[in-house]
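Line by line, the protein sequences are chains Z and L.
Each residue of the first sequence is one higher than the one before, counting from 1 in the working numbering.
Each residue of the second sequence is one higher than the one before, counting from 115 in the working numbering.
Cβ atoms here follow ideal geometry from the backbone N, Cα and C, with glycine treated the same way.
Just below is one structure, and these are the notes that go with it.
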Amino acid sequence: AQSVSQHNHHVILSEAASLELGCNYSYGGTVNLFWYVQYPGQHLQLLLKYFSGDPLVKGIKGFEAEFIKSKFSFNLRKPSVQWSDTAEYFCAVKTNFGNEKLTFGTGTRLTIIP
Amino acid sequence: EPEVTQTPSHQVTQMGQEVILRCVPISNHLYFYWYRQILGQKVEFLVSFYNNEISEKSEIFDDQFSVERPDGSNFTLKIRSTKLEDSAMYFCASSEERGETQYFGPGTRLLVL
Numbered sequence: 001a002q003s004v005s006q007h008n009h010h011v012i013l014s015e016a017a018s019l020e021l022g023c024n025y026s027y028g029g030t031v032n033l034f035w036y037v038q039y040p041g042q043h044l045q046l047l048l049k050y051f052s053g054d055p056l057v058k059g060i061k062g063f064e065a066e067f068i069k070s071k072f073s074f075n076l077r078k079p080s081v082q083w084s085d086t087a088e089y090f091c092a093v094k095t096n097f098g099n100e101k102l103t104f105g106t107g108t109r110l111t112i113i114p
Numbered sequence: 115e116p117e118v119t120q121t122p123s124h125q126v127t128q129m130g131q132e133v134i135l136r137c138v139p140i141s142n143h144l145y146f147y148w149y150r151q152i153l154g155q156k157v158e159f160l161v162s163f164y165n166n167e168i169s170e171k172s173e174i175f176d177d178q179f180s181v182e183r184p185d186g187s188n189f190t191l192k193i194r195s196t197k198l199e200d201s202a203m204y205f206c207a208s209s210e211e212r213g214e215t216q217y218f219g220p221g222t223r224l225l226v227l
């Protein structure tokens with residue numbers, strides 16, 4: 001069964017700092033990868049996704065993620081964070097083996113200090 | 115932009131009671147899902163539903179749980195006899211096609227006393 005690891009549980013950054021949140025998955029086959037964000041008091045929203053093609057995907061609000069197949073990783077990046085990026089970030093994977101479920105990581109809480 | 119909606123936002127119930135959580139998926143979506151997140155833990159898949167049938171379910175989704183699409187818009191999760199450990203945030207999601215992006219609702223926070 002697939003699993004997802006997010007090693008950073010809580011990240012605190014100052015505004016304008018660069019961000020990289022780690023995500024690793026374990027599954028030997030083809031996967032679809034997602035980053036979701038949950039702002040305080042709001043629901044899960046899709047930031048970006050990778051299905052196929054260019055392994056560098058760009059999402060909303062200046063976020064991007066790179067799929068590195070050899071490392072089973074899909075790290076989220078943003079060159080310059082803002083206070084409004086304070087939220088919880090979830091990496092998720094779906095296999096292409098016929099099932100529909102998303103498997104989520106534990107999430108990373110990001111706090112941006114003004 | 116169309117959104118998945120869920121009601122109620124919060125529900126408090128006594129152990130052993132039945133609860134029904136309601137969801138209205140995005141209107142042209144065909145695949146529906148329930149997930150839950152126990153406080154401090156991962157978001158976990160419960161069940162997927164298509165064409166009025168369960169297409170996949172997790173080991174969490176035992177006989178106490180059931181899902182239904184009673185009409186053309188609602189998608190419900192019923193817990194027959196709630197236990198303390200059912201306390202969690204329950205998220206509904208929907209997708210347009212199989213394998214496509216799942217869009218989540220705001221969740222229902224269920225507290226079982």
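Relative to the Cα of K61(Z), the nearest Cα in the group Y50(Z), S52(Z) and Y36(Z) belongs to Y36(Z). When C-beta atoms of the stretch 36-53 of chain Z are compared with those of the stretch 202-220 of chain L, three or more pairs fall below 8 angstroms, so the two segments count as touching. Short of 8 angstroms from the beta carbon of K58(Z), and not among the five residues preceding or following it, lie these beta carbons of its own chain, in chain order: L48 and E64.
In terms of Cα proximity to K156(L), the closest of F72(Z), T30(Z), G53(Z) and H9(Z) is H9(Z).
In the three-state reduction of the DSSP assignment, S84(Z) falls in the helix class, which pools H, G and I. Neighbours of P220(L) in chain Z, taken as residues at a C-beta separation under 8 angstroms, are given in chain order as Q42 and H43. Taken through DSSP and simplified to helix, strand or coil, L48(Z) comes out as strand. Per the C-alpha coordinates, the member of Q131(L), Q128(L) and P139(L) positioned closest to P116(L) is P139(L). Within 10 angstroms of the beta-carbon of T30(Z) lie fewer than 16 other beta-carbons, which makes it exposed. Beta-bridge partners of E20(Z) (DSSP): R77(Z). F90(Z) is positioned such that its CB atom lies no closer than 9 angstroms to that of Y25(Z).
Under DSSP, I134(L) forms a beta bridge with K192(L). About 6 angstroms separates the beta carbons of Y204(L) and L191(L), which is inside the 8 angstroms limit, making them a contact pair.
Judged by their CB atoms, P55(Z) and F67(Z) are nearer to each other than the 9 angstroms cut-off. With 16 or more other Cβ atoms from the protein chains shown falling within 10 Å of its own Cβ, S162(L) counts as buried. The C-alpha of K197(L) is placed about 6 angstroms away from the C-alpha of G130(L).
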